[in-house]
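First residue of the sequence shown: 19, per my numbering; consecutive thereafter.
Backbone N, C-alpha and C fix where the C-beta goes; we use that ideal spot for every residue, glycine too.
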Amino acid sequence: MKKIIILVILGAFLFTGLVPSAKVYAQSVSSFYSYETHPNFWKTGTHDYVAKQYTRLPMSPTPGYDLVWVWSGPYNANQRYVIHQAYRNGQPSEYREWELWRSDLLNHGAWVDAYGGIDAQAVSYIYPTFTSCVNRNSLGVGWPSVISPQTLAYTPQSLLNQSSGDCSTSWDLANQAGGYIAVDVSETWGEPFSQTRNLRCDEYIPISASTNGNQICKSSPDAGIVYQRYTFGTSPSITNYIYACEATIYTWGYPLSESENYKNWFRNGELRWSDWWGSFSTVHPQPTDDAWWDGQCAQAWTQKANWIYTGTYKLTSTEYVDTGDPMPTPSPTPYHNACVNQTCQSVEGSGSNTCLADADCISSPTPTPSPAFSAQDLKNLFLNYLSSADGGYLPVDQKVNLLDGGFVIKNLE
19 MKKIIILVIL GAFLFTGLVP SAKVYAQSVS SFYSYETHPN FWKTGTHDYV
69 AKQYTRLPMS PTPGYDLVWV WSGPYNANQR YVIHQAYRNG QPSEYREWEL
119 WRSDLLNHGA WVDAYGGIDA QAVSYIYPTF TSCVNRNSLG VGWPSVISPQ
169 TLAYTPQSLL NQSSGDCSTS WDLANQAGGY IAVDVSETWG EPFSQTRNLR
219 CDEYIPISAS TNGNQICKSS PDAGIVYQRY TFGTSPSITN YIYACEATIY
269 TWGYPLSESE NYKNWFRNGE LRWSDWWGSF STVHPQPTDD AWWDGQCAQA
319 WTQKANWIYT GTYKLTSTEY VDTGDPMPTP SPTPYHNACV NQTCQSVEGS
369 GSNTCLADAD CISSPTPTPS PAFSAQDLKN LFLNYLSSAD GGYLPVDQKV
419 NLLDGGFVIK NLE
């Protein structure tokens, strides 16, 4: 079976492809857009500076610190810088990464203009094609959005090395060996609080690392494994290809809302991410080569430092803590009393009570209709008591007497 991959459109270039589908998903993949999965990259409400806090997964390799804030702020009229900053002993320390991004809110898109360095002088600027890089036009590429029912999207990239001025080759259908960014949804974990979701969240976002992160994982609309794949083409100064992968757990499905200081909004995106895992290679994998990429990306879970969202985020200078949503309490099943087989029983479902005890369910026999007599009947009874039999009265003893008279009087109309 094949699955069609819908690719990101960059400028006038449209790339499409076919990829075999061998993966099993606990549910269909809900679309996630690059804008919504980078909530801490954008101005939020009136807040220019926003951030999310990540703690190192204890069993993963340590780079020498256990806390990272990923924060953003305004750079110029339409760009924002995004900084991954290490914290040592609770204090801000060196920058791990410095990037430039732009938003396309109308199309729910995110554009990355530069990454790969610790400051503005060390980053590589990104262009959609080798030609645009050489000509220094059309800066930036759209970060891939995965549109349901697809599970993968990718976009070509050519990197400008600021030191050498070289541009790397970019992926295209004529010369396929070149740079690209691919986002692959490798697994989805079912509905919130389902058995599959709970087990996978406990495995990948353990409570021992982040109680809040674990609860956010279990309660979010969508959650699963997402591999972010990168290749960098060759250039005069780089003769081998470079590949890299970030292994991540994404949660998504929350709209932008001011409710409760945007806490749900900041749940979107990377709930867990690994540092880059990669190296030089003479092999240039296609973006849709799951067999090659999954083998490489899986190593990032254990061979690199992994970071988990603590639920702490910042708007300007104020910190907020999100503990996730509790498992919803199921609504009680309604019952009512009803007669079943001549016994009063509690029956599942809504309805009014039709009995309180078994006696209410026993049908009374149909009573014998009482006779009806008139005053004339009583008169006739006494006028003819010597000649009439008492077959029509009670008691029946073949003679009319006062007992029969009493019966008639009792039943006078």
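- For K236, the enclosing alpha helix (DSSP H) starts and ends at 229-237.
- Contact between the region 244-264 and the region 174-187 is present, with at least three C-beta pairs closer than 8 Å.
- The way I'd put it, the region 315-326 doesn't touch the region 107-114; fewer than three beta-carbon pairs between them come closer than 8 Å.
- Using a Cβ distance threshold of 8 Å, D66 and G91 count as a contacting pair.
- A direct Cα-to-Cα measurement between Q71 and T269 gives close to 16 Å.
- Scanning its chain for C-beta atoms nearer than 6 Å, with the 5 sequence neighbours on each side dropped, one finds around Y113 the residues I101, Q103, I136, in chain order.
- Within the same chain, and ignoring the five residues on either side of T300 in sequence, the residues whose Cβ sits closer than 8 Å to its Cβ are N258, Y259.
- Within the region 119-207, the complete alpha helix (DSSP H) segments of 4 residues or longer fall at 148-153, listed in chain order.
- In this structure, A265 sits away from G296, with a CB-CB distance that is not shorter than 8 Å.
- Between S163 and G127, the CB-CB gap stays under 8 Å.
- Between the region 43-63 and the region 280-289, the count of C-beta pairs closer than 8 Å reaches three or more; the two stretches touch.
- With fewer than 16 other Cβ atoms from the protein chains shown falling within 10 Å of its own Cβ, S368 counts as exposed.
- R218: member of the alpha helix (DSSP H) spanning 213-222, first to last residue.
- Between the alpha carbons of Y143 and S237 lies a distance of about 38 Å.
- Within the same chain, T361, C362 come within 6 Å of D376 by CB-CB distance, once the 5 residues on both sides are set aside.
- Measuring C-alpha to C-alpha distances from A95 to each of W283, Y83, R120, V68 identifies R120 as the nearest.
- By the CB criterion at 8 Å, L333 and V68 fall inside the cutoff.
- The alpha carbon of S212 has as its nearest neighbour, out of G158, Q97, P239, the alpha carbon of P239.
- Measuring C-alpha to C-alpha distances from P273 to each of N355, S52, T336 identifies S52 as the nearest.
- Excluding the 5 residues flanking it on each side, W89 has same chain C-beta neighbours closer than 8 Å at N58, Y67, V68, A69, K70, V100, I101, Q103, K332, in chain order.
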